[in-house]
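Working notes, beginning with the structure itself.
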Amino acid sequence: MRKILLVEDDAVVQRVHQMMLTKLGCQVDIAANGIIALEKAKNNADYNIIFVDIGLPDISGFDLIKQLKDVDTVKTQTIPIIALTGYAGQEERQTCLEAGAIDIAYKPIITSALRALLDRYHTIPA
């Protein structure tokens, strides 16, 4: 079973993504902001994929991704991180990738796109 950390501040989006990921055979852990996400990652670095909304209220998603990839901060530097956004122009996309995200998913995400991301970045069968 894939273990996912979903970092998303919008409660409705959290529920929708959690439901979709659960139906795809994932165990979902939710963090409503960057501080909670960092704490969860520090205490439980066995996530298979981390989804990070880039528009968080306390810390930018870009900075959170950098901190998650910081070897001195947490043990998540090898976990694929996928940025979530409602809009990403070329500059924003490049900033996500430079921060350490492996890919970007555009909200609202559909189940088939979510499944493709899971299959692309996680090699253990669900």
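Just so you know, the sequence shown maps onto residues 7 to 132 in our numbering.
Note that CB positions come from ideal geometry on N, CA and C, so glycine has one too.
As assigned by DSSP and simplified to three states, the class of residue i
i           : result
residue 74  : helix
residue 85  : coil
residue 11  : strand
residue 19  : helix
residue 112 : strand
residue 27  : helix
residue 43  : helix
residue 52  : coil
residue 120 : helix
residue 130 : Model confidence at residue 130 stands at a pLDDT of 47, short of 50, so the residue's coordinates are unreliable; what they give is reported in the following sentence. In the structure shown, residue 130 sits in coil (DSSP, three-state: anything other than H, G, I, E or B).
residue 64  : coil
residue 105 : helix
Alpha-carbon spacing of residue i relative to residue j, whole angstroms
i           : j           : result
residue 53  : residue 8   : 8 Å
residue 39  : residue 48  : 14 Å
residue 45  : residue 86  : 18 Å
residue 66  : residue 115 : 20 Å
residue 27  : residue 71  : 21 Å
residue 10  : residue 33  : 6 Å
residue 55  : residue 41  : 18 Å
residue 18  : residue 57  : 16 Å
residue 36  : residue 24  : 8 Å
residue 12  : residue 21  : 10 Å
residue 111 : residue 120 : 8 Å
residue 76  : residue 83  : 6 Å
residue 108 : residue 98  : 14 Å
Where residue i falls, given that 16 or more other Cβ within 10 Å makes a residue buried
i           : result
residue 106 : buried
residue 14  : buried
residue 122 : exposed
residue 74  : buried
How do the segment 87-102 and the segment 60-71 stand: do at least 3 beta-carbon pairs fall below 8 Å, yes or no? yes
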